[in-house]
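For any residue, its number in this note's numbering is found by taking its place in the sequence shown, counting from 1, and adding 661.
Ideal Cβ placement from N, Cα and C applies to all residues, glycine included.
Predicted, not measured: the structure shown is a model, and the values here were computed from it.
Just below is one structure, and these are the notes that go with it.
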Amino acid sequence: MDKTDFAPMQYPIPWPPPDLPSFPPHPLSRIPVLGWPFRYFRWLRYSSQHQRVVLDPIAENIVAQLEKRPTDSPWPICADQKVLAKIISDAVAFEKGLPVSPALHQDDPFPLLFWGPFDDITPLIVRVECRKKLNREIPSRLLIDAWNERWSVGRFIEECTRLDPE
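Spelled out as structure tokens, the structure:
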């Protein structure tokens, strides 16, 4: 594979995104009638603050890196890999709200492209489009391994193109 003329994405700090920390119980939360709404509204306020302070800056860092990208790159060479790279690029652009699909670098970290602060639909879009355009089924296990082992997008595309067409 040829190297492209732009650098791969860098992990933002903190990575991985921290989970919502637990908060201590409040004395009013034990009252049967008032307790559950009190806990619910307190959790909403707490989670929205976590979203605004922790998760939004991570998402903004990822989007800023993608916005600096050109729209086309010479990688990958193989036709199936090029189609899969375009599918991933389009799904990432849709998920992150980018006006154009960014070029992918073969060393881009898989988790950065497939992570979002809300319900992330990028893997679902990639699986459906890959089934439709390439007649290949991407197993869930492949996505999980790519996430847990922090694969590069180049390795993920290579593994996907090794799958047998249906």
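Item	Value
Bridge partner(s) assigned by DSSP for proline 778	According to DSSP, proline 778 bridges with nothing at all.
Residue environment, glutamine 767, which counts as buried when at least 16 other CB atoms sit within 10 Å	buried
Start-end ranges of the alpha helix (DSSP H) lying completely within the stretch 731-782, minimum 4 residues	740-757, 771-775
Other residues of its chain near proline 778: CB distance less than 8 angstroms, five sequence neighbours each side excluded	Pro678, Gln712, Leu716, Asp717, Ile719, Ala720
For serine 813, the three-state DSSP class (helix, strand or coil)	strand
Proximity winner among Pro772, Ile782, Arg792, relative to aspartate 806 (alpha-carbon distances)	Pro772
Aspartate 733 to glutamine 710 span [Cα, whole Å]	37 angstroms
Three-state class that DSSP yields for tyrosine 707 in the structure shown	helix
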